[in-house]
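What follows is one structure encoded as structure tokens, with my remarks underneath.
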Amino acid sequence: MAAAFRSAPVTSHATYLSEIRIRNFALILEQQVHLTPGLNVITGESGSGKSVVIAALSQALGAPADDDLIRPPSETATAQAVFCLSAAGVATAKMSLKRMEVSDRAIPNAAGQLILSREISRSLGDRGPKRSRCSINGVTVPLRCLRELAAELVDMNGQHAAQSLREAAMQLRLLDRVAGCRCQAAHVAQCWERYQQLRQQMADIASVGGPEQRLSLSTLIASVEQSAVEPGEERQLRGKLRQLEARQDAAEQCQLASMLLGSNSGAVGAGLQNAEQTLRLILSQEMAHANSITQMQSSSVADTDEGDGADMIGSALEGLQEARRLVTSADRQVKQYARQFGLQEDQKAALGSRLRMIERLFKQNGLRTSEDLLEAATQAQDALQRWDDLEGRQDEIQGEMERTEAEMLAAALQLSRQRKAAVQSLKASVESCLADLAMPGSCFDIDLRWQLAHEGDGHYVNSNDAKLLNMQSGTYKLGPHGLDHATLQLAAGPSEPLRPLSMVASGGESSRIMLALKAAPIHILEATHDERPQPASDASQDIPIMVLDEMDSGVGARLGGVMGRLLQRMAATSLSQLLCITHLPQVAACASSHICVSKRPGADGRIQTVMHSLITQEMRNEEMSAMMGLQ
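Just so you know, the sequence shown maps onto residues 485 to 1115 in the working numbering.
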């Protein structure tokens, strides 16, 4: 029997992800992935579904849902992330849940178990997912709560994470992580958000202005209420007026048509009447003639022709009578139309008056449509309501805004000092990592700058505060991330000048720099301890769990051993757990837990992604041999 592989012992003082549960997700029917503290690797052939595991974990942590997540023909997909929290982790989670106003039933139990769950459903008839049900320890919560809590536990890094180095916000977040000032950065963001709210309240008061402005708003509201304007009413009125005018013209034409159809001289009716009288006379003559020859022999041709003449005239007379009836009916309908639609001046005047009144409201308020008018009235109502709510509090709000600005500026200056103090240690740590990752002689730096702002659009920093950061006094922009604007800089060789990373780093270099930035806390911790670093605990961590999806794809196999040892040190020193998808056997050899992913036909004949833990050294050796192409 093969000897069991000894994984790293479970440390109760650290927070880690213990299990991922997946059902009806992409190619996965139902799987459970068991993880341990330390370095966990996921391997398998290309296309086997390794990234599906990370995608499912991302869903459990609140990532946006893609269209093809649910495995057909199922209508739902489920992803769960099960965490084991340390005592400090439980306390942190409890505070977060309280802040988000989540039920106490979601608080982790005595064993520190925390289950984040998400069920994604799609609507009937649609292909893509439409709804999701989120829960924390069985308590239904909004997706936002799932995301916020997960962000405190897991640092997710997808396949294109290195590209995010070009984002200024990401550069500051990486610096804050190394500097250990995420809490300070969050405090600055909270102060900034509150300051913006207070500024908006002052703007609301100013937007209403003095008594004249309020009177104007009140007049607008009253005019709209009294007029009872409906959405699109002016277009309906214009359409009705056009219809009335068209029918009035038609009524005049109908009067002319009635004259042509009637009994007037030269009209159709008079002509038909004259023709009927003529035919009646002819028919009488034919009938008299027919009676006079009744006693004659009927075999002659002439006799037959004489009888046919009466029949023809009789048939023609019947046609004329039907024509007169139809013409009389048509004349009656035409006259009725002319009477009904030719005398609508009152209605036309009323519609025109209503339209002119609405158009006057448009002109008075500089608007073009009834929808704009109603929206303006709603905004006016809201503005007056805000003014009523804030009336008498202007001095109070102004005072709170000034205090918040002072607190925000002080917090931002403190954050800048912490960041600046961390730059040198981060620079040394990244350069050390880059040397290990086959980029010797590379120089790395972070350029921190403040941006000047126009008067009234920034915040003044006096000379004493600015001097501490080698800046000059002035008015600077202050945003949710503070005063600083960071630019990562790289010199690929000792003789090369420092240039922005986005301009000089290749894809592989970006991957290595990202890894070096993630690993920087190792060097900082090791530099501050003379003895060998102890396993990670919550006290030494920022976010305890890190996920890397093929971070080594741009590095290459030559550096596999270096990467593996680096990831191993990260998991043992600055993190409690690291989950990594890798194609490199050297990285897999350094793991404390190894999961292999493969595809195979299911019972229904459909392809499924399956996962199994390699619990013996023999099983791991076999997989690493396959990764090296030796099988």
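For each residue, glycine too, the CB sits at the ideal point set by N, CA and C.
Fair warning: this is a prediction, and the values are worked out from it, not measured in the lab.
query, result
"Residue from 587, 605 and 639 whose Cα sits closest to the Cα of residue 620", "587"
"Beta-carbon proximity check, residue 805 vs residue 770, cutoff 8 angstroms", "no"
"For residue 825 and residue 706, believed in contact at Cβ under 8 angstroms, the rounded distance", "Between residue 825 and residue 706 the Cβ distance is about 38 angstroms, and since that is not below 8 angstroms, they are no contact."
"Residue 1117 to residue 722 span [Cα, whole Å]", "Shown here, the chain extends from 485 to 1115; a query on residue 1117 therefore has no answer."
"Under the three-state DSSP convention, the category residue 508 falls into", "strand"
"Assigned secondary structure, residue 793 (DSSP; H/G/I helix, E/B strand, else coil)", "helix"
"Alpha-carbon spacing of residue 729 relative to residue 687, whole angstroms", "50 angstroms"
"Span separating the alpha-carbon of residue 754 from that of residue 841", "51 angstroms"
"Cβ distance (whole Å) where residue 854 is taken to contact residue 714 below 8 angstroms", "7 angstroms"
"Residue 538, enclosing alpha helix (DSSP H) - first and last residue", "534–544"
"For residue 1100, three-class secondary structure by DSSP", "strand"
"Same chain, Cβ closer than 7 angstroms to residue 1074, neighbours up to 5 away in sequence not counted", "523, 1048, 1049, 1051 and 1052"
"Contact between the region 524–542 and the region 615–630 (3+ Cβ pairs under 8 angstroms)", "no"
"For residue 553, three-class secondary structure by DSSP", "coil"
"Beta-carbon proximity of residue 623 to residue 589, cut-off 8 angstroms", "yes"
"Residue range of the unbroken beta strand (DSSP E) whose run includes residue 933", "927–933"
"Residue 773 - DSSP class collapsed to helix/strand/coil", "helix"
"Member of 792, 737, 744 and 797 whose CA lies at the smallest distance from the CA of residue 766", "797"
"Buried/exposed call for residue 1095, threshold 16 Cβ in 10 Å", "buried"
"Close beta carbons around residue 870, own chain, < 7 angstroms, minus the five adjacent residues each side", "688"
"Bridge partners - residue 1033, DSSP secondary structure assignment", "1065"
"Same chain only: Cβ atoms within 6 angstroms of residue 795, ignoring 5 sequence neighbours per side", "none"
"Opposing strand residues paired with residue 984 [DSSP bridges]", "973"
"Same chain, Cβ closer than 7 angstroms to residue 899, neighbours up to 5 away in sequence not counted", "665, 668, 669, 672 and 966"
"Beta bridge counterpart(s) of residue 1086 as assigned by DSSP", "DSSP output for residue 1086 lists no bridge partner at all."
"N-terminal and C-terminal residue of the beta strand (DSSP E) that residue 527 is part of", "522–527"
"Identity of the residues DSSP links to residue 516 by a beta bridge", "505"
"Chain C contact for residue 960 (CB, 8 angstroms cutoff)", "No chain C appears in this structure, which consists of one protein chain only."
"Reduced DSSP category for residue 760 - H, G, I as helix; E, B as strand; rest coil", "helix"
"Assigned secondary structure, residue 813 (DSSP; H/G/I helix, E/B strand, else coil)", "helix"
"Check whether residue 1111 and residue 1072 have beta carbons under 8 angstroms apart", "yes"
"Three or more C-beta pairs below 8 angstroms linking the region 497–506 and the region 565–584", "yes"
"Spatially closest choice to residue 583 from 1069, 548 and 633, by CA coordinates", "633"
"Local Cβ density within 10 Å of residue 768, reported as buried at 16 or more and exposed below that", "exposed"
"Bounding residues of the alpha helix (DSSP H) (the contiguous stretch that carries residue 918)", "878–920"
"Reference residue 659; option with closest CA among 703, 948, 1103 and 929", "929"
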